[in-house]
Amino acid sequence: MGITVKDVEHVANLARLDLSEQETEQFTGQLNAILQYADKLNELETTGVEPTSHVLPLFNVMRDDEVHVSLSIEEVLANAPEEEDGQFKVPAVFE
Amino acid sequence: MSLFDLRLTDLHNKLAHREVSVSELVEHSLNRIHRTDEQIGAFLTLNQEGAQEGAIALDKQLGNGEERGLLFGLPAGLKDNMVTQGLRTTCASKFLENYIPVHDATVVKRLRTAQSVTIGKLNMDEFAMGGSNENSAYHPVRNPWDLTRVPGGSSGGSAAAVAAGQVYFALGSDTGGSIRQPAAYCGVVGLKPTYGLVSRFGLVAFASSLDQIGPISKNVEDAAYVLQAIAGHDEMDSTSANVNIPDYTSALTGDVRGLRIGVPKEYLGQGINPNVKEHVLEALKVFEAMGAVWEEVSLPHTDYAVSAYYLLASSEASSNLARFDGVRYGVRAGDPANLMDLYRRSRSEGFGDEVKRRIMLGTYALSSGYYDAYYKKAQQVRTLIKRDFDQVFEKYDLIIGPTAPTTAFRLGEQVDDPLTMYLNDILTIPVSLAGVPAISVPCGFAEGLPVGLQIIGKPFDETTVLRAAYAYESQTDHHTRRPALS
Chain A
51 MGITVKDVEH VANLARLDLS EQETEQFTGQ LNAILQYADK LNELETTGVE PTSHVLPLFN
111 VMRDDEVHVS LSIEEVLANA PEEEDGQFKV PAVFE
Chain B
19 MSLFDLRLTD LHNKLAHREV SVSELVEHSL NRIHRTDEQI GAFLTLNQEG AQEGAIALDK
79 QLGNGEERGL LFGLPAGLKD NMVTQGLRTT CASKFLENYI PVHDATVVKR LRTAQSVTIG
139 KLNMDEFAMG GSNENSAYHP VRNPWDLTRV PGGSSGGSAA AVAAGQVYFA LGSDTGGSIR
199 QPAAYCGVVG LKPTYGLVSR FGLVAFASSL DQIGPISKNV EDAAYVLQAI AGHDEMDSTS
259 ANVNIPDYTS ALTGDVRGLR IGVPKEYLGQ GINPNVKEHV LEALKVFEAM GAVWEEVSLP
319 HTDYAVSAYY LLASSEASSN LARFDGVRYG VRAGDPANLM DLYRRSRSEG FGDEVKRRIM
379 LGTYALSSGY YDAYYKKAQQ VRTLIKRDFD QVFEKYDLII GPTAPTTAFR LGEQVDDPLT
439 MYLNDILTIP VSLAGVPAIS VPCGFAEGLP VGLQIIGKPF DETTVLRAAY AYESQTDHHT
499 RRPALS
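Top line first, the protein sequences correspond to chains A and B.
The working numbering runs 50 ahead of the 1-based position in the first sequence.
The working numbering runs 18 ahead of the 1-based position in the second sequence.
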């Protein structure tokens with residue numbers, strides 16, 4: 051067994067997900083099945099093979115640093131669950 | 019012959035000669051949706067008033083004799099992961115239930131320049147993760163050919179809407195097969211362009227190194243026109259390729275004499291339904307009769323593509339979906355105790371099962387201690403898969419095989435088994451990893467269900483892909499068959 055319930059809880063924490071006990075158990079089984087299948091990749095010798103992150107020969111794409119019209123504050127906040135004084139509102143970070 | 023059976027160019031001419039108005043086309047579409055969508059479930063949001071108002075404006079323009087855009091007056095549907103200013107965009111997720119974008123995706127702008135009319139937003143698997151449309155947080159989509167079966171996914175709404183005659187064409191997005199596989203299951207044409215040909219600006223990101231927008235249509239010629247309208251460099255997408263856009267319609271000659279086709283033995287081997295295989299072999303005979311030549315080739319790393327894909331796509335997704343935190347948009351969980359609680363509960367309540375599963379898989383693959391074993395390894399295997407294609411394309415102009423190993427399966431059949439579900443994409447995923455263009459065209463029916471033929475081309479050689487697809491289509495009538503819907 052590669053992934054344990056504890057691993058799943060740790061990863062859920064990294065991913066900012068709250069999983070129910072049932073979900074944790076279900077994901078432990080399913081992730082193990084998927085990763086076991088993915089272990090197939092180890093059949094391949096890849097020493098010295100360059101990783102492909104991207105198929106196009108594109109690197110840093112630069113543009114001129116010019117001022118453009120951007121969204122208004124009203125537009126930026128249009129979908130905010132909560133806002134106040136032109137800012138996104140969230141619970142206090144510090145007590 | 020109904021309006022819906024006409025090609026986009028025929029409709030364009032009918033509009034130009036005032037034999038039909040844009041308003042009539044739009045009403046025709048809306049009526050069809052009202053009549054059939056309770057069964058199909060293709061739409062998440064209808065743009066009824068917007069489309070009707072747009073139609074009136076275009077009819078006025080028609081009356082003034084002004085120049086018309088390439089897709090003038092043609093009613094279209096958009097997969098609901100392309101943002102539309104003022105029109106709800108949900109990605110079929112509860113998280114974005116109330117999200118009204120303040121800007122348009124570049125493809126939406128380009129369709130507007132081409133003067134098509136947006137009829138509404140189409141159902142999909144949540145955040146484009148899935149191959150059956152059963153992962154929509156709202157309702158599943160049903161296959162117009164058999165309502166007990168899935169339309170495929172993740173662009174299932176787009177393919178079903180075109181097959182059901184609800185829209186004249188649609189846009190889908192393809193990460194590991196999400197345009198081609200539903201097109202195959204629904205008996206329509208679906209084109210995934212070369213990675214970078216169509217701007218991703220305003221496409222809600224799933225796996226950024228793979229996502230690509232493309233047309234879903236009733237025939238190859240229509241796909242060429244829609245591609246013409248949406249392809250091209252966009253400075254808002256830093257991965258958009260700066261290449262010259264040819265006249266795709268000039269590829270529609272019907273002439274494939276001398277064309278060299280490679281047929282990968284891995285695409286007709288184990289796991290491929292015998293009926294599907296038979297239809298593909300029949301299609302190859304059609305190419306032969308037209309003067310093309312085909313030979314068996316090998317893409318030796320095909321078997322590893324699904325593993326590499328699920329690690330890479332999930333890793334990218336786990337990073338891309340970090341933006342859904344309940345702070346700036348989307349649904350925020352009620353009464354958060356603190357900021358961390360707000361993040362965690364908003365995400366947990368807003369995302370469905372498959373999305374959580376992929377975020378978990380991706381987070382694990384990228385986490386400390388596993389990065390080299392999973393993520394980097396998968397990227398190296400991606401290189402090997404890309405080399406497979408490069409090597410075949412040194413000798414051949416095209417690669418042809420099935421789009422999917424089977425025809426559409428039944429709703430609920432695979433929903434509890436993610437791994438089996440992932441294997442439906444075994445023939446589309448390698449193409450996505452290599453970033454090359456591919457089209458799915460109808461090549462027959464097996465027990466009443468459509469079979470798709472996949473034609474794969476060299477990078478940025480959509481022209482040859484379209485040429486072959488058009489020639490094949492002109493010799494067959496599979497694409498003219500329509501499902502019987504009440």
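Ideal Cβ placement from N, Cα and C applies to all residues, glycine included.
Note that this is a predicted model, so its numbers are computed, not measured.
- In this structure, GLY348 of chain B lies near GLY368 of chain B, with their beta-carbon atoms less than 8 Å apart.
- DSSP lists B:LEU140 as the bridge partner or partners of PHE61 of chain B.
- Each of B:GLY138, B:PRO93, B:SER111, B:ILE74 was checked against the Cα of GLY104 of chain B, and the nearest Cα belongs to B:GLY138.
- Here ASP252 of chain B carries a coil assignment [DSSP, helix/strand/coil].
- Here GLN133 of chain B carries a coil assignment [DSSP, helix/strand/coil].
- The bridge partners DSSP lists for TRP312 of chain B are B:ILE279.
- Here SER111 of chain B carries a coil assignment [DSSP, helix/strand/coil].
- Two segments are said to touch when three or more pairs of C-beta atoms, one from each, lie closer than 8 Å; by this definition the segment 452 to 464 of chain B touches the segment 474 to 493 of chain B.
- No Cβ of chain B is located within less than 8 Å of the beta carbon of GLU134 of chain A.
- About 17 Å separates the CB atoms of LEU451 of chain B and ALA259 of chain B; that is not less than 8 Å, and the two are not in contact.
- In terms of beta-carbon proximity, LEU360 of chain B lines the interface with chain A, with at least one pair separated by less than 8 Å.
- Interface residue (Cβ-Cβ distance to chain B less than 8 Å): HIS118 of chain A is not classified as such.
- In terms of Cβ geometry, ARG278 of chain B and ASP479 of chain B do not form a close pair [threshold 8 Å].
- Rounded to the nearest angstrom, the gap between the Cα atoms of TYR361 of chain B and VAL55 of chain A is 22 Å.
- A distance below 6 Å between beta-carbons, with the five flanking residues on each side excluded, links SER333 of chain B to the following residues of its chain, in chain order: GLY380, ALA383, LEU384, TYR393.
- Ranked by Cα distance from CYS461 of chain B, the options B:SER492, B:ASP435, B:VAL449 are led by B:SER492.
- The Cβ-Cβ distance between VAL44 of chain B and LEU33 of chain B does not fall below 8 Å.
- When rounded, the separation of the alpha-carbon atoms in LEU429 of chain B and PHE463 of chain B is 19 Å.
- Closest option to GLN184 of chain B, judged by alpha-carbon separation, among B:SER47, B:ASP343, B:TYR440: B:SER47.
- The DSSP-derived three-state label of LYS210 of chain B is strand.
- Neighbourhood of GLN80 of chain A in chain B, by CB distance below 7 Å: ARG375, PRO436, in chain order.
- Going by DSSP, VAL99 of chain A is part of no alpha helix (DSSP H) at all; its letter is neither H nor E.
- Of the other Cβ atoms in all chains shown, 16 or more fall within 10 Å of the Cβ of GLY175 of chain B; this residue is therefore buried.
- 8 Å or more divides the Cβ of PHE144 of chain A from the Cβ of ARG346 of chain B.
- Residues of the segment 115 to 126 of chain B with a C-beta less than 7 Å from any C-beta of chain A: TYR117, ILE118, VAL120, listed in chain order.
- Unbroken alpha helix (DSSP H) runs of no fewer than 4 residues, entirely contained in the segment 372 to 417 of chain B, are found at 395 to 413, following chain order.
- If you look at GLN72 of chain A, you'll find it in the alpha helix (DSSP H) that goes 71 to 88.
- Taking the beta carbon of ILE123 of chain A as reference, no residue of chain B falls within 8 Å; the closest one sits roughly 11 Å away.
- When the five nearest sequence neighbours on each side are left out, the beta carbons in the same chain lying within less than 7 Å of the beta carbon of ILE447 of chain B are those of GLY194, GLY195, ALA323, VAL324, TYR327, in order along the chain.
- Pairing GLN199 of chain B with GLY171 of chain B, the inter-Cα distance amounts to about 7 Å.
- Close to chain B, meaning a Cβ-Cβ distance shorter than 7 Å, are the following residues of the segment 89 to 117 of chain A: LYS90, LEU91, LEU94, THR96, VAL99, GLU100, PRO101, THR102, SER103, HIS104, VAL105, LEU106, LEU108, VAL111, ARG113.
- By the rule that beta-carbons nearer than 8 Å mark a contact, GLN397 of chain B touches chain A.
- Contact annotation for VAL140 of chain A against chain B: VAL345, LEU357, LEU360 [CB-CB distance below 7 Å, chain order].
- By the 16-neighbour rule on beta-carbons within 10 angstroms, VAL101 of chain B is buried.
- Taking 7 Å as the cut-off between beta carbons, the residues of the segment 197 to 217 of chain B near chain A are TYR213, GLY214, in sequence order.
- Looking only at B:GLY370, B:PHE90, B:ILE473, B:GLY232, the smallest Cα-Cα distance to CYS109 of chain B is reached by B:GLY370.
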